[in-house]
Amino acid sequence: MITILPLLLLCVCAPARCVFQKLYCTIADSCDCDFRPNVRELEWDLYKNVFGQHLAQEVLSEEVARFLAQEAPEKPLVLSLHGSSGTGKTMAGDMLARHLYASATGSPFVHQFIPTLHFPAGGHVQAQREQLKSWVQGNVTECARSVFIFDEMDKMAPGLLDVLEPFLGPSHVVFRTNYRKAIYIFISTAGEEVINKAALEQREAGRDREEMTAAELQDAIARAVYDNPTSGLYNSPIIRQKLVTAFVPFLPLCRHHVERCAQAQLCQRGACGRRDVARAAAADMTYQPSPGHYFSTSGCKSVPAKINLLL
Ligand SMILES: Nc1ncnc2c1ncn2[C@@H]1O[C@H](COP(=O)(O)OP(=O)(O)O)[C@@H](O)[C@H]1O
Ligand SMILES: [Mg+2]
């Protein structure tokens, strides 16, 4: 039944097709049925809930919209997220997945890869390369619109990810498998020095943070990631061949951003009115550089722990 229905969909007229499609989607575990991207909601979610990251908001929304507008993309979407710890990289990656699939990050077509969990240190790198390759290949064959999130790339064995190079370019369309519709998200702290330096210079020159553009940081981040032995993309042909669609900078967070994180946390706990706690949590964080103390050293990461102590 499940195998016959897709054929029926192709044969029937438009209104009936809708009925059959609905029927098919109620019984089939199909990625096309679950794939319901909503770029507007993604844009809104990033704008409203990821504080102080106008560059990431812009680049993520634009690149995802551009990619999804293509019926037959020329290459997969490859986004590489960079910035200091606690600035919202994992959060933004989850958001992206959430607005692509109806069943969100719980979708069987959204795959999270965490090196320390999936490939603990001490494993055999060549075997891991083979496993990673066949895992991606299997998933894309199953669902062309697969989303892969590679978090904590800094803890990945060097060279491991290079095995994906053939999948990330434009040439890879093999019988029954279209590799060009997949989305890959790489996340690491590599390149943070470049991003933080640019934010500091902007600040010290008295210019508005919002005047910074992602374009001016692209090449510098690419170079820093390529030169960093623990970036997961060290000396990688993926960067040499320009297979990364965009490098997405996450800026260091200021005190008022941390306060907003604390406020959001408090609201989630039903204590929206405790502005005093939000202020105290932000005041209790460490800021650098000295002198200046503009940017939180751990972003918003330890905010929940601070609130636990203060509430
Ligand atoms: N820019 C931000 N705006 C709102 N909340 C943030 C931001 N950055 C971090 N947070 C909060 O801190 C938590 C940890 O952030 P996370 O995305 O894991 O940071 P990263 O992956 O960059 O280290 C998030 O779950 C979120 O609650
Ligand atoms: Mg993270």
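Just so you know, the sequence shown maps onto residues -18 to -1, 1 to 293 in mature numbering (1 follows the signal peptide of the UniProt record, and there is no 0).
Where is the CB? At the ideal position from N, CA and C, for every residue including glycine.
It should be emphasised that the depicted structure is a prediction, and the values quoted were computed from it without experimental measurement.
Whole-angstrom distance between H36 and E142, CA atom to CA atom: Before going further, note that residue 142 is Leu rather than Glu in the sequence given. Cα to Cα, the separation comes out at about 32 Å.
A126, enclosing beta strand (DSSP E) - first and last residue: From DSSP, A126 is part of no beta strand (DSSP E); its letter is neither H nor E.
N-terminal and C-terminal residue of the alpha helix (DSSP H) that Q200 is part of: Note, Q200: alpha helix (DSSP H), 197 to 209.
Heavy atom of ligand 2 within 7 Å of I169 beta-carbon: yes
Local conformation of T159 per DSSP, three classes: strand
Best match in M138, C125, A126, G104 for proximity to L114 [C-alpha to C-alpha]: M138
Buried or exposed by the 16-neighbour rule on C-beta atoms within 10 Å, applied to C254: So C254 ends up on the exposed side.
Buried/exposed call for S272, threshold 16 Cβ in 10 Å: exposed
Near ligand 2: D133 beta-carbon under 7 Å from a heavy atom: yes
Other residues of its chain near Q94: CB distance less than 7 Å, five sequence neighbours each side excluded: I131, D133
Simplified DSSP state of Q270, which is helix, strand or coil: Reduced to three states, the DSSP call for Q270 is strand.
Length of the line joining the Cα atoms of K71 and N31: Those two C-alpha atoms are separated by around 12 Å.
Spatial distance of V41 from A196 (CA atoms): 7 Å
Backbone secondary structure at L293 - three-state DSSP: Judged by DSSP in its simplified three-state form, L293 adopts coil rather than helix or strand.
Segments assigned beta strand (DSSP E), at least 3 residues, entirely inside the stretch 76 to 126: If only complete runs of 3 or more residues are kept, the stretch 76 to 126 shows the beta strand (DSSP E) at 92 to 95, in order along the chain.
Residues near G68 in its chain [Cβ-Cβ closer than 6 Å; skip 5 each side]: S280, G281, C282, K283
Close beta carbons around T159, own chain, < 8 Å, minus the five adjacent residues each side: Q119, V122, T123, A126
Any non-hydrogen atom of ligand 1 closer than 7 Å to V176 Cβ: no
Three-state secondary structure (DSSP) of L59: It is a strand residue.
Three-state class that DSSP yields for A38 in the structure shown: Reduced to three states, the DSSP call for A38 is helix.
Start-to-end residues for the alpha helix (DSSP H) that takes in Y29: 21 to 31
Exposed unless 16 or more other CB atoms sit within 10 angstroms - verdict on V249: The question names Val, yet the displayed sequence has Cys at residue 249. Its Cβ having fewer than 16 others within 10 Å, C249 is exposed.
8 Å contact criterion, which E45 and A228 should meet: CB distance rounded: 5 Å
Within 8 Å, strictly: CB atoms of P231 and G65: yes
Residue range of the unbroken beta strand (DSSP E) whose run includes V230: 228 to 232
Residues sharing a beta bridge with Y166, DSSP: V60, F130
Own chain partners of D136 with C-beta closer than 7 Å, once the 5 adjacent residues on each side are dropped: S170, T171, A172, T212, S213, G214
Check whether I203 and V176 have beta carbons under 8 Å apart: yes
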